[in-house]
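This report concerns only the one structure given below.
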Ligand SMILES: [Zn+2]
């Protein structure tokens, strides 16, 4: 039987938020059993909190935004991905701004901060979840199938990105902490040059730089240090999916077949899982 986990001590990271360009500090704090993952806005009066659940997602177009009317947090997916991979059931993510730092566009900085803080096992049982039947969501160019069963979360992912020299990209991954740090966590955010120009015109992506993302332009990839993996795009898509699925409030097991996944369909799938968990708990 697996037990719930939290951090041994609080961990801190500071940096620039992708869209606002503001400096933000994130402090992930240990939390008691059955707290779940809760974001707390310490910059707002009353320090409002919002639980990281699919039912609180208010926007999933360019990133995953959660809000309960009092606290709103943008771009939660990279932190959620690292928390899912490290089996952190309970923690408070304190932020002094509306969006966590983009850092290098991957979840590696969040993995490092969890590693540095250490993970502690709690008393209560950690209930992983697999759905009772096959789940399917589709929309735009995305298709996601969740096949229940098994001991771990396996993801088979096909990604395609306009103008990318290697297109499409396919990768299969089974979620396990060390493998995640080695194969997935380093995959950075990608942005199409045309989209970036549009984002900047809309006053977004102010904190974007070649430190924070790789830019695709005319079949070339522009980034500071070169690609970390030849198929870095599909790895980042898996990173995002692992983060978005954790919005069902539990670790999940089963096989996800994801064709061109995006936040909107990822969150829809997490919402289906969340509703089934709620129905099961109500019995
Ligand atoms: Zn992402």
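Numbering (the numbering used here), first residue to last: 506 to 788.
All C-beta atoms, glycine included, are put in the ideal place defined by N, C-alpha and C.
Cutoff 8 Å; reference residue i; Cβ partners in own chain excluding five residues on either side
{"i": "residue 663", "result": "673, 674, 675, 739, 763, 764 and 765"}
{"i": "residue 697", "result": "666, 667, 668, 720, 721 and 722"}
{"i": "residue 657", "result": "679, 680, 681 and 758"}
{"i": "residue 728", "result": "693, 715, 718, 719 and 720"}
{"i": "residue 655", "result": "635, 758, 759 and 760"}
Supposed close pair residue i, residue j - CB separation, criterion 8 Å
{"i": "residue 547", "j": "residue 599", "result": "5 Å"}
{"i": "residue 793", "j": "residue 581", "result": "This structure leaves residue 793 out entirely; the chain is present only between 506 and 788."}
{"i": "residue 759", "j": "residue 651", "result": "6 Å"}
{"i": "residue 775", "j": "residue 753", "result": "5 Å"}
{"i": "residue 761", "j": "residue 746", "result": "7 Å"}
{"i": "residue 576", "j": "residue 555", "result": "4 Å"}
{"i": "residue 732", "j": "residue 690", "result": "The pair is not a contact, with the Cβ atoms about 15 Å apart (cut-off 8 Å)."}
{"i": "residue 527", "j": "residue 645", "result": "With 8 Å as the limit, residue 527 and residue 645 do not qualify as a contact, their Cβ atoms being about 30 Å apart."}
{"i": "residue 693", "j": "residue 610", "result": "4 Å"}
Backbone secondary structure at residue i - three-state DSSP
{"i": "residue 572", "result": "strand"}
{"i": "residue 583", "result": "helix"}
{"i": "residue 759", "result": "strand"}
{"i": "residue 681", "result": "coil"}
{"i": "residue 700", "result": "helix"}
{"i": "residue 729", "result": "coil"}
{"i": "residue 614", "result": "helix"}
{"i": "residue 734", "result": "coil"}
{"i": "residue 560", "result": "helix"}
{"i": "residue 709", "result": "coil"}
{"i": "residue 667", "result": "coil"}
{"i": "residue 772", "result": "helix"}
{"i": "residue 545", "result": "strand"}
{"i": "residue 654", "result": "coil"}
{"i": "residue 639", "result": "coil"}
{"i": "residue 741", "result": "helix"}
{"i": "residue 592", "result": "coil"}
{"i": "residue 512", "result": "strand"}
{"i": "residue 506", "result": "coil"}
{"i": "residue 599", "result": "strand"}
{"i": "residue 520", "result": "strand"}
{"i": "residue 532", "result": "strand"}
{"i": "residue 778", "result": "helix"}
{"i": "residue 629", "result": "strand"}
{"i": "residue 719", "result": "strand"}
{"i": "residue 607", "result": "coil"}
{"i": "residue 687", "result": "helix"}
Top-ranked residue by Cα proximity to residue i, from the options
{"i": "residue 511", "options": "700, 620, 728 and 787", "result": "620"}
{"i": "residue 734", "options": "707, 687 and 586", "result": "687"}
{"i": "residue 591", "options": "788, 767, 626 and 776", "result": "626"}
{"i": "residue 516", "options": "707, 617 and 604", "result": "617"}
{"i": "residue 695", "options": "767, 706 and 780", "result": "767"}
{"i": "residue 508", "options": "525, 538 and 558", "result": "538"}
{"i": "residue 612", "options": "736, 777 and 742", "result": "742"}
{"i": "residue 559", "options": "750, 682, 529 and 531", "result": "750"}
{"i": "residue 748", "options": "637, 588 and 700", "result": "588"}
{"i": "residue 525", "options": "705, 727 and 728", "result": "705"}
{"i": "residue 772", "options": "570, 660, 549 and 550", "result": "570"}
{"i": "residue 540", "options": "639, 703 and 557", "result": "557"}
Beta-carbon proximity list for residue i, same chain, < 6 Å, skipping 5 on both sides
{"i": "residue 552", "result": "545"}
{"i": "residue 486", "result": "Absent from the structure is residue 486, since the part of the chain shown begins at 506 and ends at 788."}
{"i": "residue 536", "result": "511, 595, 596 and 597"}
{"i": "residue 648", "result": "764"}
{"i": "residue 513", "result": "622, 623 and 625"}
{"i": "residue 769", "result": "565"}
Cβ-based neighbour list, residue i, same chain, cut-off 7 Å, excluding 5 preceding and 5 following
{"i": "residue 755", "result": "632, 633, 634 and 782"}
{"i": "residue 584", "result": "598, 605 and 615"}
{"i": "residue 736", "result": "671, 674 and 676"}
{"i": "residue 530", "result": "517, 519 and 601"}
{"i": "residue 561", "result": "555, 571, 572 and 573"}
Residue i Cβ short of 7 Å to ligand 2 heavy atom set
{"i": "residue 583", "result": "Annotation note on ligand 2: not contained in the displayed structure, which lists ligand 1 as its ligands."}
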